[in-house]
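Student: Protein chains in written order, with the UniProt record's numbering: chain A, 1 to 611; chain B, 1 to 350.
Virtual Cβ for every residue (Gly too), placed ideally from N, Cα, C.
(1) Are the CB atoms of residue 30(A) and residue 101(A) within a distance shorter than 8 Å?
(2) Can you confirm whether residue 8(B), when its beta carbon is compared against all beta carbons of chain A, has any partner nearer than 8 Å?
(3) Give a yes or no on whether the C-beta atoms belonging to residue 170(A) and residue 208(A) are separated by under 8 Å.
(4) By Cβ distance below 8 Å, which residues in the same chain neighbour residue 549(A) in space, the five residues on each side in sequence not counted?
(5) What residue does the beta strand (DSSP E) around residue 37(A) start on, and which one ends it?
(6) With distances taken between CB atoms, is the gap from residue 179(A) to residue 221(A) smaller than 8 Å?
(7) What does residue 231(A) pair with, by DSSP beta-bridge criteria?
(8) Would residue 433(A) be called buried (16 or more neighbouring beta carbons within 10 Å of its own) or exposed?
(9) Taking 8 Å as the CB-CB cut-off, is residue 155(A) touching chain B?
(10) Would you decide whether residue 523(A) is buried or exposed? Buried here means 16 or more other CB atoms lie within 10 Å of its CB.
(11) Can you give me the start and stop residues for the beta strand (DSSP E) that residue 266(A) sits inside?
(12) Below 7 Å between beta carbons is the criterion; list the residues of the UniProt domain "4Fe-4S ferredoxin-type" (399 to 428) of chain A that meet it against any residue of chain B, in chain order.
(13) Taking beta-carbon pairs under 7 Å, can you tell me which members of the segment 322 to 339 of chain A lie near chain B?
(14) Which residues, in chain order, does the segment 160 to 177 of chain A contribute to contact with chain B at a C-beta distance below 8 Å?
(15) Counting C-beta neighbours from all protein chains within 10 Å, is the total for residue 137(A) 16 or more, i.e. buried, or is it exposed?
(16) Quick one: Cα of residue 350(A) to Cα of residue 3(B), how far?
(17) Here's a check: name, in chain order, each residue in its chain whose Cβ is nearer than 8 Å to the Cβ of residue 332(B), leaving out the five neighbours to either side.
(18) Would the segment 257 to 274 of chain A and the segment 101 to 111 of chain A be scored as touching if the rule is three or more Cβ pairs under 8 Å?
(19) State yes or no: is the beta carbon of residue 320(B) nearer than 8 Å to at least one beta carbon in chain A?
(20) For residue 27(B) and residue 219(B), which I take to be in contact (beta-carbon distance under 8 Å), what is that distance rounded to the nearest angstrom?
(21) Closest to residue 66(B) by CA distance: which of 97(B), 111(B), 190(B) is it?
(22) Can the beta-carbon of residue 316(A) be found closer than 8 Å to that of residue 28(A)?
(23) Note down, in chain order, all residues in the segment 306 to 337 of chain B with a beta-carbon under 8 Å from any beta-carbon belonging to chain A.
(24) So with CB distances below 8 Å, who are the chain B contacts of residue 254(A)?
(25) Buried or exposed: which applies to residue 37(A), given that a residue is buried once 16 or more other Cβ atoms fall within 10 Å of its Cβ?
(26) Mapping DSSP to helix, strand and coil, what is residue 398(A)?
(27) For residue 116(B), which residues of its own chain have a beta-carbon under 6 Å away from its beta-carbon, when the five flanking residues on both sides are left out?
(28) For residue 235(A) versus residue 12(A), is the C-beta distance shorter than 8 Å?
(29) From the DSSP output, which residues share a beta bridge with residue 103(A)?
(30) Just to confirm before moving on: does the CB-CB distance between residue 217(B) and residue 36(B) stay below 8 Å?
(31) Report the three-state DSSP secondary structure of residue 36(B) (helix, strand or coil).
(32) Can you name the residues of chain B whose CB is closer than 8 Å to the CB of residue 247(A)?
(33) Considering just the uninterrupted stretch of the alpha helix (DSSP H) at residue 375(A), what are its terminal residues?
(34) Going by other Cβ atoms of all chains shown within 10 Å of its Cβ, with 16 needed for buried, is residue 137(B) buried or exposed?
(35) Under 8 Å between C-beta atoms, does residue 16(B) make it to chain A?
(36) Count the other C-beta atoms from every protein chain shown that fall within 10 angstroms of the C-beta of residue 599(A), then say buried if there are 16 or more, exposed otherwise.
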């Protein structure tokens, strides 16, 4: 007898499972159209790899994942690709998503399959590839890609492999019927998973309200090491965290994964799919789905092709449209209502409840919370639902997070037990969504700020570099001038050839001519400066040179400021333009003054040399 | 085909607040029956009167607050407040004392704080404490002397006329000090044996009172069995009282013995019906244990060294003050966490 632990809280809602266990699993057949969403599970969507109008065979890959977390999609039967378009998909929001529409040709013609008889001869990676290529994602809950889950982090050894056949939600019997009828296939799939993970312990957990399934599994597991753990019926024993606690007494750390404590859970339906993928080479193209509720006359479990519209399925179960009040995909505790039955069955669709108004009545109006604590008593995660409710409703999200809002598994128990019929889970979902939005916005804002700051820093750097270059240029120019001067003086002292002096005199003449041509407006200033120069017997060439280089530097600064201002479209452009013009003139004047002075100097020199 | 759009869960438990409150009322009936059998018609008349005033006050204030009157009256919480006051007030408390208590409870303690679910204090006990302080004479001299309904108790009409009187006190012949009161005031000058000779104590622990307490205990156990209340508050409150009594009151010539503490006052009514008011009590299991124990300890302290013979109302109100603090420091450890996140959100180490 397996040792079992209990988890805190939990409820015993009306099971209503007998409704759909009266008859064996039947094939739902091939509908007129199959709609295959490219995204059927958490992770990344697949990309269509077939053309519209193309004929595909049963089991042929029609959409593949190029990267990231996803699995391919296969044609559930042979037929023609009719479209790749936006279609309503099963989603709580009632949204549309990209789907491949396949019109079956009725021939149900298989593509070539490559079964593996002895998987142990293959590399583990090759087997994982087979599982991925078969398009298998978890068939119990969120639909995590199975091949990724079966490849836990390197530093995490899986000691306990759990096959989850608890199926604790009321109404659903897909796993129950699968275990009754396909126990051997489950064990086969389990063998593959166990070979991949090498756990010390393999457990198949079933709630004690499924005696037939337990008997079938026990028979199939005879002579193997696999434990069949019969656990007490209590919702949500099939929740991954609760099941791990029941079977191992350990808790999955908050924010962690079961592999952190050496445990992995897989759904029994997933085990069947893995077995088929390896032993038969068959991809995941169908699943067992429960169709139940009092609005269908012939409830039961169906082997359904993925992509089968739910209205087709409901017709098979003989739906009474007038009695139908609420259509739930999934269980009555965690499932969501569909706006229309014209959405397809996907890899994660385990149950469709066509409920009458009496069966799942509309909730009573919300009353004030009386802090009765029934929610806290029943919460399997030991949260404080009423405090979470106040904080969520008041928008005090930091406080809700403090009280571990994100540990909520949304099992629905708190809402179920609430005597004031407060839709608690809905408040938590909204709060979680709000927090996620805030976090995303915060991230966005942070990135924007970082980008802005980086740009500011770059502009500043560029400006400084420009400034630096300018200074260097100015310095170089000054040095060059000084050098020239020094050379000139040297040459003079050494007695330079007359032609060079003549050339220099010509340059001075040229400069004079330029000045006269270009700046008649500054004639007055020029003449003044000339007068000054002339009045001085020995003009200070060095000082003039300094003046010139300063003026040039200033002009350059002004020019760059003007350029910047123009680039930024600032309103001081005009002012800067005026300043630049002014500085231009100043530089010119300085140049002229210098040239004049040089000429004068040369003239005097010439005189002295002549004499 | 218009399909209903609802968020999960789609299945709901049937028990509503209204039903929970109805169960509380039903569970209190054995106690009321015992009160009537041993102390006459007074409590029954008080209960009916208090419930009527409670419903009227609730309806009036809901109307003023522009809230749906029928919707809230149906939740039965006002009726429970009225019931609890009717069960706790002295049998011959004049009608206007009861009315003041009920109106204070419903209007001040409940509706002015925002109505159902928003009141930090137990409304019934606010009303009780208010009249206890305001009308001390009426609240201490109007306790019926124990006597079987069909023997010594005054008739229904007589009781009704006494309650309907505008006087604070009624005929002495029908009243008697409560056992707690008697013991407290006599033990300073008498031995325990002498004190217990007083007819209020009778043959057992305290005549009539023992049956009333036993009946409330039985009703309380039913509530626990129905999971309407948890065991934590009653058990810890009684435990607090027992521990204090054993620690300090072992000498019966000095302090009232444990049996009188448990069975002679409002102990069982307080432990199972008053302290367990969900709105104003602590929420986690650990918090409930602290809250209940605090009430038990305070009941003993006030009864023994305070000015009042009984102390359930004051103890409950004092612990109501402590509830937010207790709640912040006693959250349960969430699955997957090493320890609970104590303290005020945002001010402690995550």
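Tutor: So, from the listed chains and residues:
(1) Translated into positions along the first chain, residue 101(A) becomes position 101. Translated into positions along the first chain, residue 30(A) becomes position 30. The answer is no: Cβ separation not under 8 Å.
(2) As a working note, residue 8(B) is residue 8 in the second chain. Interface with chain A (8 Å Cβ-Cβ cutoff): residue 8(B) is included.
(3) Residue mapping note: residue 170(A) aligns to position 170 of the first chain, counting from 1. Residue mapping note: residue 208(A) aligns to position 208 of the first chain, counting from 1. No, the Cβ-Cβ distance between residue 170(A) and residue 208(A) is not below 8 Å.
(4) By 1-based counting over the first chain, the position of residue 549(A) is 549. Excluding positions up to five away in sequence, the list reads 474, 477, 478, 481.
(5) Sequence index remark: in the first chain, residue 37(A) carries index 37 (1-based). For residue 37(A), the enclosing beta strand (DSSP E) has its first and last residue at 34 to 37.
(6) Taking the first chain and counting its residues from 1, the one referred to as residue 179(A) is at position 179. Taking the first chain and counting its residues from 1, the one referred to as residue 221(A) is at position 221. In this structure, residue 179(A) sits away from residue 221(A), with a CB-CB distance that is not shorter than 8 Å.
(7) In the first chain, the residue the question calls residue 231(A) occupies position 231. Note: residue 231(A) sits in a beta bridge opposite 207(A).
(8) On the first chain, position 433 is the one that residue 433(A) refers to. Exposed: under 16 other Cβ atoms inside 10 Å.
(9) As a working mapping, residue 155(A) is identified with position 155 in the first chain. Under the Cβ distance rule, residue 155(A) does not count among the residues neighbouring chain B, no pair being separated by less than 8 Å.
(10) Here residue 523(A) refers to the residue found at position 523 of the first chain. Residue confidence for residue 523(A) is low, a pLDDT of 49 falling below 50, so the modelled location carries little weight; the figure read from the coordinates is stated next. By the 16-neighbour rule on beta-carbons within 10 angstroms, residue 523(A) is exposed.
(11) Locating residue 266(A) in the first chain gives position 266, counting from the first residue. First-last of the beta strand (DSSP E) with residue 266(A): 263 to 267.
(12) For the UniProt domain "4Fe-4S ferredoxin-type" (399 to 428) of chain A, which is checked against every Cβ of chain B, the residues closer than 7 Å are 399, 402, 403, 404, 407, 412, 415, 416, 417, 419, 420, 421, 423, 425, 426.
(13) Those residues of the segment 322 to 339 of chain A placed with their C-beta closer than 7 Å to a C-beta in chain B are 324, 325, 326, 327, 328, 332, 333, 334, 335, 336, 337, 338, 339, ordered along the chain.
(14) Those would be 170, in chain order.
(15) As a first step, residue 137(A) is located in the first chain; it is residue number 137 there, counting from the start. Result: buried.
(16) For the purposes of this step, residue 350(A) is identified with residue 350 of the first chain, where counting begins at 1. For the purposes of this step, residue 3(B) is identified with residue 3 of the second chain, where counting begins at 1. Straight-line Cα distance between these residues: approximately 20 Å.
(17) For the purposes of this step, residue 332(B) is taken as the residue at position 332 of the second chain. Correct list, in chain order: 284, 285, 286, 340.
(18) Too few Cβ pairs lie closer than 8 Å, so no.
(19) Walking along the second chain from the start, residue 320(B) turns up at place 320. Not one chain A Cβ lies under 8 Å of residue 320(B).
(20) Walking along the second chain from the start, residue 27(B) turns up at place 27. Walking along the second chain from the start, residue 219(B) turns up at place 219. Cβ-Cβ separation between residue 27(B) and residue 219(B): approximately 4 Å, consistent with a contact (criterion under 8 Å).
(21) As a position in the second chain, residue 66(B) is number 66, starting the count at 1. The shortest Cα separation from residue 66(B) among 97(B), 111(B), 190(B) belongs to 111(B).
(22) Your numbering for residue 316(A) matches position 316 in the first chain. Your numbering for residue 28(A) matches position 28 in the first chain. At a Cβ-Cβ threshold of 8 Å, residue 316(A) and residue 28(A) count as neighbours.
(23) Residues 327, 331, 332, 333, 334, 335, 336, 337.
(24) The residue you call residue 254(A) lines up with position 254 of the first chain. For residue 254(A), the C-beta contacts it makes with chain B under 8 Å involve 334, 335, 336, 337, in order along the chain.
(25) Here residue 37(A) is taken as the residue at index 37 of the first chain, counted from 1. The Cβ neighbour count for residue 37(A), taken over all protein chains shown within 10 Å, is at least 16; the residue is labelled buried.
(26) Taking the first chain and counting its residues from 1, one reaches residue 398(A) at position 398. Note: residue 398(A) maps to helix in three-state DSSP.
(27) Here residue 116(B) refers to the residue found at position 116 when the second chain is read from its first residue. Cβ-Cβ distances below 6 Å link residue 116(B) to 77 in the same chain, with the five nearest sequence neighbours on each side left out; the list follows chain order.
(28) On the first chain, residue 235(A) is found 235 positions in, with the first residue counted as 1. On the first chain, residue 12(A) is found 12 positions in, with the first residue counted as 1. Taking C-beta atoms as the reference points, residue 235(A) and residue 12(A) count as a pair closer than 8 Å.
(29) Stepping through the first chain from its first residue, residue 103(A) is reached at position 103. Answer is 80(A), bridged to residue 103(A).
(30) The residue given as residue 217(B) occupies position 217 in the second chain. The residue given as residue 36(B) occupies position 36 in the second chain. No, the Cβ-Cβ distance between residue 217(B) and residue 36(B) is not below 8 Å.
(31) To locate residue 36(B), count along the second chain from 1; it is residue 36. Here residue 36(B) sits in helix by DSSP.
(32) Position 247 of the first chain holds residue 247(A). Residues of chain B passing the Cβ test: none, with the nearest at roughly 15 Å.
(33) Here residue 375(A) refers to the residue found at position 375 of the first chain. Per DSSP, residue 375(A) belongs to the alpha helix (DSSP H) from 374 to 378.
(34) In the second chain, the residue the question calls residue 137(B) occupies position 137. Burial call: exposed.
(35) As a working note, residue 16(B) is residue 16 in the second chain. At a cut-off of 8 Å between beta carbons, residue 16(B) contacts chain A.
(36) Walking along the first chain from the start, residue 599(A) turns up at place 599. Under this definition residue 599(A) is a buried residue.
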